[in-house]
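Participant:
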Amino acid sequence: MPIKITMPQLSPTMEAGTLARWLVKEGDDVSSGDILAEIETDKATMEVESIDDGKVGKILVAEGTDEVPVNRVIAVLLEDGEDASALDGIDVGAPEPEASPAAAAPDAPSPAPADDDSRVKASPLARSMARHAGLDLGAIDGTGPHGRVVKRDIEAALAAGGTPVATPAAAEAPRPVAAPALPLPGTSYEEIRVSNMRRVIAERLQEAKQTIPHFYLTVDCEVDRLLAMRKDLNGRSEAYKISVNDFVIRALALALKNVPDANAQWGGDVVCRFATVDIAVAVAVDGGLVTPVVRNAAAKGLAEISGEMKDLAARARDGKLMPEEYQGGGFSLSNLGMYGIRQFDAVINPPQAGILAVGSGEQRPVVRDGALDVATVMSTTLSCDHRVIDGAIGANLLTAFKGYIEDPLTMLL
203 MPIKITMPQL
213 SPTMEAGTLA
223 RWLVKEGDDV
233 SSGDILAEIE
243 TDKATMEVES
253 IDDGKVGKIL
263 VAEGTDEVPV
273 NRVIAVLLED
283 GEDASALDGI
293 DVGAPEPEAS
303 PAAAAPDAPS
313 PAPADDDSRV
323 KASPLARSMA
333 RHAGLDLGAI
343 DGTGPHGRVV
353 KRDIEAALAA
363 GGTPVATPAA
373 AEAPRPVAAP
383 ALPLPGTSYE
393 EIRVSNMRRV
403 IAERLQEAKQ
413 TIPHFYLTVD
423 CEVDRLLAMR
433 KDLNGRSEAY
443 KISVNDFVIR
453 ALALALKNVP
463 DANAQWGGDV
473 VCRFATVDIA
483 VAVAVDGGLV
493 TPVVRNAAAK
503 GLAEISGEMK
513 DLAARARDGK
523 LMPEEYQGGG
533 FSLSNLGMYG
543 IRQFDAVINP
553 PQAGILAVGS
563 GEQRPVVRDG
573 ALDVATVMST
583 TLSCDHRVID
593 GAIGANLLTA
603 FKGYIEDPLT
613 MLL
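Note that the sequence shown covers residues 203 to 615 in the numbering used here.
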């Protein structure tokens, strides 16, 4: 029987996607794990792989088509021994019904880290099947390419009884919001269509401001020694080019390791403290921003962080990140110093509990031993979820961060 290939739901917020490019054509033989097409979502361009062996019998959605609904049949594979006559009578006119209403669930605070499956390599279909069945992806051995969990692994897990994920705490119901006000009649303006990315950014940050009790702490850091060390290190080799932001990522990661109470998120009846420091770094892209995650950043050196961050940022701007590269993350960093911004307060990226906003380094007057001096100073502001991070915890985190920034040799220990 022909196999229907449908538009996958590649993120919890995805309702439709753009079929950017077909990588196969009708008549091609494909095997399980082969890449069939590229799909543009609200976050990135992602690949759709075949989960079965067969021959591409019919491509039903042309590349470049926008707003293709999730579960819409986009192509049909013929199994071994079938020919084009097997396509007669195949109904491909409407989206395939979803297996469970749970698939339509909006973004909600992630459960405990042990249940976070965003770091597990899995095909979109396998991820969707696991979510629908309530299976813990991390407990399933992948037999696909590079250990990827694929459809047959989920089916085997279901046959064996599966390992269910823990039930997350119920999300707080959003408060009613007044309809956005449009300009007064007679006002001249241009209407710009809201992209999926902009819509998701708007929803998540509005949720953050309405449901997360923010408070802010600001500290000034002198960075002259850091700048001198950066110049020295970059002059020693052409193999790397360390930026100030790489130092900031390293310093924040070490500070979170020193103050583990801040490396956590609100989970309703529990506070989930993370075992590793995973920092989501805001990267501006066309139409919005993406936050690729530097995993286990406290265990990585400056050169490794620098190389990884350059790769993540480049692929974020090209829309080539995989979901596991921008989903999750325990704490966020936003640096507007390169834009000349002196100081700002960032909005927490839910369900995380904190974000550090970093301004530009500039020469300012400082007082040393009762006398005026000049130093290069960088202002940083920590936005905290007060349900998780009390004032003293936030202050300890900033104190640790300032210590690493102002004495960067300690980052190398």
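Ideal Cβ positions, reconstructed from N, Cα and C, are used throughout, including at glycine.
1) Excluding five sequence neighbours on each side, which residues of the same chain lie with their C-beta closer than 8 Å to the C-beta of residue 222?
2) Got a sec? Which residues, its chain only, sit under 7 Å from residue 489 by beta carbon, not counting five neighbours each side?
3) Under 8 Å, with one C-beta from each stretch per pair, do the region 584-600 and the region 410-426 reach the 3-pair mark?
4) With a cut-off of 8 Å on the beta carbons, I'd call residue 558 and residue 456 a contact; round off their distance for me.
5) If we ignore side chains and look at the alpha-carbon of each, how far apart do residue 560 and residue 446 end up?
6) According to DSSP, is residue 303 part of a helix, a strand, or is it coil?
7) Report the CB separation of residue 429 from residue 607 in whole angstroms; it is logged as a contact under 8 Å.
8) Does the separation of the CB atoms of residue 451 and residue 511 fall below 9 Å?
9) If we count the other Cβ atoms within 10 Å of its Cβ and call it buried at 16 or more, is residue 612 buried or exposed?
10) Using the Cα positions of residue 555 and residue 522, report the straight-line distance between them to the nearest angstrom.
11) Please report how far the alpha carbon of residue 260 lies from the alpha carbon of residue 205, in whole angstroms.
12) Looking only at DSSP bridge pairs, what is residue 261 linked to?
13) At the level of alpha carbons, what is the spacing between residue 388 and residue 268?
14) Evaluate residue 237 with the Cβ neighbour count: other Cβ atoms within 10 Å of its Cβ, from every protein chain shown; 16 or more gives buried, anything less gives exposed.
15) What separation, rounded to the nearest whole angstrom, lies between the Cα atoms of residue 577 and residue 614?
16) If you draw a straight line from the alpha carbon of residue 441 to that of residue 423, how long is it in whole angstroms?
17) Leaving aside the five residues before and after residue 602 along the sequence, list all residues of the same chain whose C-beta is less than 8 Å from its C-beta, in chain order.
18) On the CB-based measure, 16 or more other CB atoms within 10 Å of its CB, does residue 290 come out buried or exposed?
19) Along the alpha helix (DSSP H) that carries residue 533, what are the first and last residues, could you check?
20) Can you tell me whether DSSP reads residue 523 as helix, strand or coil?
21) In the structure shown, what three-state DSSP assignment does residue 595 receive?
22) Within its chain, find whatever has a CB closer than 6 Å to the CB of residue 207; leave out the 5 residues flanking it on each side and keep chain order.
23) Please confirm whether residue 282 and residue 258 have their CB atoms less than 9 Å apart.
24) Taking C-alpha atoms, which residue in 431, 597, 480 lies nearest to residue 609?
25) Taking residue 515 as the reference, which of 573, 536, 485 has the closest Cα?
26) For residue 552, count neighbouring C-beta atoms within 10 Å of its own C-beta (all shown protein chains included) and say buried if the count is 16 or more, exposed if not.
27) Reducing DSSP to helix, strand and coil, say where residue 565 ends up.
28) Identify, in the order they occur along the chain, each residue of the same chain with its Cβ nearer than 6 Å to the Cβ of residue 574, setting aside the five sequence neighbours on each side.
29) Alpha carbon to alpha carbon, what distance is there between residue 436 and residue 406?
30) Taking the beta strand (DSSP E) that residue 429 belongs to, which residues open and close that run?
Facilitator: To lay it out plainly:
1) 239, 240, 241, 242, 247, 265, 266
2) 397, 399, 400
3) yes
4) At roughly 13 Å, the Cβ-Cβ gap does not stay under 8 Å, so residue 558 and residue 456 are not in contact.
5) 11 Å
6) Residue placement at residue 303 is flagged as unreliable, the pLDDT there being 35, under the threshold of 50; a coordinate-derived value is accordingly withheld.
7) No, residue 429 and residue 607 are not in contact; Cβ-Cβ is about 11 Å, not under 8 Å.
8) yes
9) exposed
10) 27 Å
11) 10 Å
12) 277
13) 33 Å
14) exposed
15) 23 Å
16) 29 Å
17) 456, 457, 460, 461
18) exposed
19) Per DSSP, residue 533 belongs to no alpha helix (DSSP H); it is in the beta strand (DSSP E), 533-537.
20) coil
21) helix
22) 276, 277
23) no
24) 431
25) 485
26) buried
27) strand
28) 567
29) 38 Å
30) First-last for residue 429: 426-436, but that is the alpha helix (DSSP H), not the beta strand (DSSP E).
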